[in-house]
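In UniProt numbering, the protein residues as written are 1 to 288. From the three backbone atoms N, C-alpha and C, an ideal C-beta is built for every residue, glycine too. The model shown is predicted, which means the values in this text are computed figures rather than measured ones.
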């Protein structure tokens with residue numbers, strides 16, 4: 001029942017997802033484009049990694065249906081002028097979901113989102129099939145501000161190996177990193193520093209991942225250290241944007257250890273308490 005967008009009375013729809021607040025390239029997902037249909041069936045699964053309990057309480061998933069706008073396309077999802085045609089959108093608060101339970105929604109697409117006029121009536125947001133003013137512009141994306149996760153998140157694993165006699169640190173992946181380059185992306189890599197008093201052996205770094213805000217590293221690093229000494233150490237984790245010929249840009253970081261707080265302290269404590277057990281945790285990157 002989508003609104004026809006093409007001269008043949010059909011549409012070429014796709015769905016774009018954003019997590020709000022803080023919509024950006026780093027948290028955008030999209031489906032494939034389906035051709036010549038007003039009743040699309042995608043059967044695709046799109047995954048957001050690094051979603052915390054806090055995110056589930058305060059974030060909203062925006063689902064926008066769009067289509068390529070012109071007869072000659074320079075790239076998928078864009079018309080000859082590089083624009084997309086807006087069909088409609090809907091939003092679902094994540095707090096409506098329960099852990100490990102699939103939930104289906106049957107929701108009308110909204111044509112206009114009341115960004116500047118919250119008091120507008122529901123009559124302005126018709127279901128598919130209702131007459132829609134063609135002069136209405138697509139909704140503007142507004143940054144509501146206060147998004148503490150704009151620097152991104154990192155998935156880290158810790159394990160003290162009694163067999164090898166040392167700490168194994170795994171850098172698994174990052175999500176929703178801040179864009180540092182003019183193209184809207186970053187070329188991220190991760191630095192590790194176990195301090196104090198470890199010299200050159202204290203520092204490691206991952207490979208560089210080009211042009212991405214959601215890099216997958218899956219790298220592990222080993223520190224030759226006694227278990228009893230770990231309580232005196234802290235692990236500094238920092239994510240950087242690689243720049244050729246000039247200094248690298250700092251994206252964000254976090255520090256794990258006994259002097260840390262919250263999840264950072266808990267992760268370190270669980271590692272010390274559970275030898276030979278790999279423990280993975282997500283940590284928010286901060287610009288500090």
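Test item: CB-CB of residue i and residue j under 8 Å
{"i": "residue 162", "j": "residue 276", "result": "yes"}
{"i": "residue 302", "j": "residue 251", "result": "As displayed, the chain neither begins before 1 nor continues past 288, which places residue 302 out of reach and without an answer."}
{"i": "residue 12", "j": "residue 33", "result": "yes"}
{"i": "residue 173", "j": "residue 216", "result": "yes"}
{"i": "residue 166", "j": "residue 105", "result": "no"}
{"i": "residue 85", "j": "residue 64", "result": "no"}
{"i": "residue 27", "j": "residue 227", "result": "no"}
{"i": "residue 16", "j": "residue 66", "result": "yes"}
{"i": "residue 241", "j": "residue 180", "result": "yes"}
{"i": "residue 36", "j": "residue 8", "result": "yes"}
{"i": "residue 262", "j": "residue 285", "result": "no"}
{"i": "residue 168", "j": "residue 159", "result": "yes"}
Range of the contiguous beta strand (DSSP E) that encloses residue i
{"i": "residue 253", "result": "249 to 257"}
{"i": "residue 273", "result": "Here residue 273 belongs to no beta strand (DSSP E); instead the alpha helix (DSSP H) covers 262 to 273."}
{"i": "residue 49", "result": "Run containing residue 49: none; DSSP gives neither H nor E here."}
{"i": "residue 281", "result": "279 to 284"}
{"i": "residue 221", "result": "216 to 224"}
Cross-strand partners of residue i (DSSP beta bridge)
{"i": "residue 188", "result": "241"}
{"i": "residue 15", "result": "65"}
{"i": "residue 204", "result": "192"}
{"i": "residue 236", "result": "193, 255"}
{"i": "residue 159", "result": "168"}
{"i": "residue 173", "result": "155, 216"}
{"i": "residue 290", "result": "The requested residue 290 does not occur in the structure, where the chain is confined to residues 1 to 288."}
{"i": "residue 93", "result": "60"}
{"i": "residue 30", "result": "16"}
{"i": "residue 88", "result": "65"}
Beta-carbon separation (whole angstroms), residue i vs residue j, contact threshold 8 Å
{"i": "residue 107", "j": "residue 283", "result": "That pair is no contact at about 34 Å."}
{"i": "residue 186", "j": "residue 278", "result": "That pair is no contact at about 28 Å."}
{"i": "residue 230", "j": "residue 256", "result": "Residue 230 to residue 256, Cβ: 11 Å. No contact."}
{"i": "residue 29", "j": "residue 46", "result": "4 Å"}
{"i": "residue 183", "j": "residue 209", "result": "At roughly 14 Å, the Cβ-Cβ gap does not stay under 8 Å, so residue 183 and residue 209 are not in contact."}
Continuous alpha helix (DSSP H) stretch holding residue i: start and end
{"i": "residue 229", "result": "227 to 230"}
Three Cβ pairs or more, each shorter than 8 Å: is that satisfied between the stretch 84 to 95 and the stretch 56 to 66?
yes
I'd like to know if the stretch 181 to 197 and the stretch 231 to 243 are in contact, where contact means that at least 3 CB-CB pairs between them fall below 8 Å.
yes
For the 8 Å Cβ check, are there 3 or more pairs between the stretch 200 to 218 and the stretch 257 to 276?
no
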